[in-house]
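**Student:** I have a structure I would like to understand better, so I am pasting it below and will then ask my questions one at a time.
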Amino acid sequence: MTTDPAVRVRFSPSPTGHPHIGMMRTCLFNWAFARHHGGQLVFRIEDTDAARDSEESYQELLEALRWLGMDWDEGPELGGSYGPYRQSERSEIYADVVAKLRAAGHVYEAYSTNEEVEARHRAAGRDPKLGYDNFDRQLTESQRAAYQGEGREAVLRLRMPDQDISWVDMVRGDVTFPAGSVPDPVLVRANGKPLYTLTNPVDDAMMRITHIMRGEDLLPSTPPRQIGLYRALADIGVATVMPTYGHLPLVRGEGNKKLSKRDEQTNLWYYRERGFVPEGLINYLALLGWSIGPDRDVFSPAELTAAFDGTGISPNPARFDEKKAEAINAQHIRLLSVDDLASRLRTHLTAAGLTYDPAVLAAATPAGRRADRHPVRCRHDAQLPFRQRRGRGTGPGGGREEPRH
RNA sequence: GCUCCCAUCGUCCAGAGGCCUAGGACGCCGCCCUUUCAAGGCGGUAACACGGGUUCGAAUCCCGUUGGGAGUACCA
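Here the first sequence is numbered in the working numbering, starting from 36 and rising by one per residue.
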């Protein structure tokens, strides 16, 4: 395999639930990396789990990226030369790859149930929770026929290479998994539908992805399996470029745990509703595992992409600190022009079902920008003049509109 | 259990062997400014997990311990 000098990265979420703040951070790093290097960002939807994926969620993902101002070069709604970009539309491609893998002997049919695997571990005196034991690798024709005779349906598993698997991680340096520590993964379900374990590496290979930056939560299982599969894909001519991996530190919530989907703080819209501006949120997110330079933490998206070359990413997990996020956001708000802020305020006023008077808004905005942490609070300021006019006869802006900027 | 990852103030980041009596930011605590709340100014609080090496010299390199996290699905 060769190393392709042009940078091609991807953002490949599954459309389940609302846009997750951790996911957005992952996308941000990929976006910044692509923009910095003048490369391409491929936006791909991994919707191979019909039971969990939803159209609403997909639409929210699009809206999320647009709101944050992260543009992509290939993807749904846009096209590109490696499409389609929704995995649910790529069935024939996967079927073709599977046929080749099968012909080359890289995959095999497995009939074992989890119970049978555990029973075998127990019988051999091993920990029953060890995972799949690669038992079906050496099934004979007659054994296979017997299982089929019972009406069992097989999953397709990848024959993992019998060597240590190691790679140089962009964030962590050398990482090695000993041979035999990762069981043969299932690539295709018994019902014939491909799994993420197959589609993700296949698409990365076929879309010529050069760098894979994603969350650390995927580190223990995914890279070994993917590298194993990549070798097989190279063998059958599907993969030409071995991507470089970079595993980004986890974003944690208030506890010490990874941000959980049930926590409202993981939902991107939570921040938008609370008055975060995209610039502010992006700035804060970038601070989680990275820094633009010594003793500096306020910067624009443009400054981010100019500086973000993929080096210097911290390997340790970061806690999402809402207070600091708000503080960074507030600095961005103060950087906004009065007109700009006023127009953004309008959205919030309208969303809150409040009427607004342009004159009042114009008067309150400078004060709001000067003082408040986010537009939601400015909104209260914008209402203030009404109260004051009634109660104390003070003019719009409460006398605070003196031009101090 | 097994595999992998991580380890500097409460939190995030700086520090890539001597510049460190460890710096910035958020938070917190004072004071100043201010009709309120903010914002702003000034000051303060607070950390290199532990133990061994290597070295003239270690927050920085190596090993171990401890602690934390993640994964261990026909989810992604």
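Beta carbons are placed, not taken as given, at the ideal position from N, Cα and C, and that holds for glycine. Here the structure is a predicted model, which is why all the values come from computation and not from measurement.
1) Leaving out the 5 sequence neighbours to the left and right, which residues in its chain are closer than 7 Å to G52 when beta-carbon positions are compared?
2) What are the boundary residues of the alpha helix (DSSP H) that M58 is part of?
3) Measuring alpha carbon to alpha carbon, tell me which of Q366, L230, D356 and H282 ends up nearest S49.
4) With distances taken from CA atoms, which of R379, T301 and I244 is nearest V42?
5) I'd like to confirm something about A365: is its beta-carbon nearer than 7 Å to some heavy atom of the ligand ZN, or not?
6) Using DSSP bridges, identify the partner residues of L76.
7) Thinking C-beta only, is L103 closer than 8 Å to P313?
8) Sorted by chain position, which residues of the same chain lie with C-beta nearer than 8 Å to I200's C-beta, five sequence neighbours on each side aside?
9) Kindly identify the DSSP beta-bridge partner or partners of W202.
10) Leaving aside the five residues before and after R287 along the sequence, list all residues of the same chain whose C-beta is less than 8 Å from its C-beta, in chain order.
11) Use the C-beta contact count for L113: other C-beta atoms within 10 angstroms, 16 or more gives buried, fewer gives exposed.
12) Please report the residue range of the beta strand (DSSP E) in which M442 lies.
13) Report all residues from its chain with a CB closer than 7 Å to the CB of L136; omit the five preceding and five following residues, and keep chain order.
14) Between which two residues does the beta strand (DSSP E) containing Y146 stretch?
15) Looking at Y319: is its Cβ nearer than 8 Å to the Cβ of I348?
16) Is it right to say A145 is buried, meaning 16 or more other beta carbons lie within 10 angstroms of its own, or is it exposed?
17) Using the Cα positions of V333 and A342, report the straight-line distance between them to the nearest angstrom.
18) In terms of alpha-carbon separation, which member of V132, R60 and D88 lies closest to L100?
19) Which partner residues of P229 appear in the DSSP bridge assignment?
20) Can you tell me the Cβ-Cβ gap for D239 and R369, rounded? I've got them flagged as a contact below 8 Å.
21) Cα separation between T382 and F64?
22) Pick helix, strand or coil for E109, following the three-state DSSP scheme.
23) Assuming M248 contacts Y117 under a Cβ cut-off of 8 Å, what Cβ separation, rounded to an integer in Å, is found between them?
24) Hey, would you say D82 sits closer than 8 Å to S123, going by beta carbons?
**Tutor:** The structure says:
1) For the purposes of this step, residue 52 is identified with residue 17 of the first sequence, where counting begins at 1. For G52, where only same-chain residues beyond five positions count, the Cβ hits under 7 Å are S92 and K296.
2) For the purposes of this step, residue 58 is identified with residue 23 of the first sequence, where counting begins at 1. From DSSP, the alpha helix (DSSP H) with M58 extends over I56 to H72.
3) Taking the first sequence and counting its residues from 1, the one referred to as residue 49 is at position 14. Among Q366, L230, D356 and H282, the Cα nearest to that of S49 is on L230.
4) Taking the first residue of the first sequence as 1, we reach residue 42 at position 7. Closest by C-alpha distance to V42, out of R379, T301 and I244, is I244.
5) In the structure on display, the ligand ZN does not appear, and there are no ligands present to speak of.
6) Here residue 76 refers to the residue found at position 41 of the first sequence. In the DSSP assignment, L76 is bridged to V44.
7) Reading the first sequence from its first residue, position 278 is the one you call residue 313. Reading the first sequence from its first residue, position 68 is the one you call residue 103. Closer than 8 Å, so yes.
8) Counting from 1 along the first sequence, the entry for residue 200 is found at position 165. So the list reads T211, F212, A214, V217, P258, P259, I262 and G263, once near-sequence residues are dropped.
9) Taking the first sequence and counting its residues from 1, one reaches residue 202 at position 167. According to DSSP, W202 bridges with V210.
10) Against the first sequence, residue 287 aligns to sequence position 252. Result list for R287: K293, L294, P352, A353, R354 and F355, in chain order.
11) Residue numbering aside, residue 113 sits at position 78 when the first sequence is read from its first letter. Its Cβ having fewer than 16 others within 10 Å, L113 is exposed.
12) Limits of the chain in this structure are 36 at one end and 440 at the other, which puts residue 442 out of reach.
13) In the first sequence, counting from the first residue as 1, residue 136 sits at position 101. So the qualifying residues of the chain are V142, A267 and I271.
14) In the first sequence, residue 146 corresponds to position 111, counting from 1. Where Y146 is concerned, there is no enclosing beta strand (DSSP E), given that its DSSP letter is neither H nor E.
15) Reading the first sequence from its first residue, position 284 is the one you call residue 319. Reading the first sequence from its first residue, position 313 is the one you call residue 348. It is not a contact, given that the beta carbons lie outside the stated cut-off.
16) Against the first sequence, residue 145 aligns to sequence position 110. So A145 ends up on the buried side.
17) The count along the first sequence starts at 1 and reaches residue 333 at position 298. The count along the first sequence starts at 1 and reaches residue 342 at position 307. So the alpha carbons of these two residues sit roughly 13 Å apart.
18) Locating residue 100 in the first sequence gives position 65, where the first residue counts as 1. For L100, the nearest C-alpha among the options comes from R60.
19) As a working note, residue 229 is residue 194 in the first sequence. P229 pairs with V223.
20) Stepping through the first sequence from its first residue, residue 239 is reached at position 204. Stepping through the first sequence from its first residue, residue 369 is reached at position 334. At roughly 42 Å, the Cβ-Cβ gap does not stay under 8 Å, so D239 and R369 are not in contact.
21) On the first sequence, position 347 is the one that residue 382 refers to. On the first sequence, position 29 is the one that residue 64 refers to. In this structure, the straight-line span from the alpha carbon of T382 to that of F64 is close to 28 Å.
22) Stepping through the first sequence from its first residue, residue 109 is reached at position 74. Collapsing the DSSP output to three states places E109 in a strand.
23) Residue numbering aside, residue 248 sits at position 213 when the first sequence is read from its first letter. Residue numbering aside, residue 117 sits at position 82 when the first sequence is read from its first letter. Rounded, the Cβ-Cβ distance is 19 Å, inconsistent with contact.
24) As a first step, residue 82 is located in the first sequence; it is residue number 47 there, counting from the start. As a first step, residue 123 is located in the first sequence; it is residue number 88 there, counting from the start. Contact flag set, yes.
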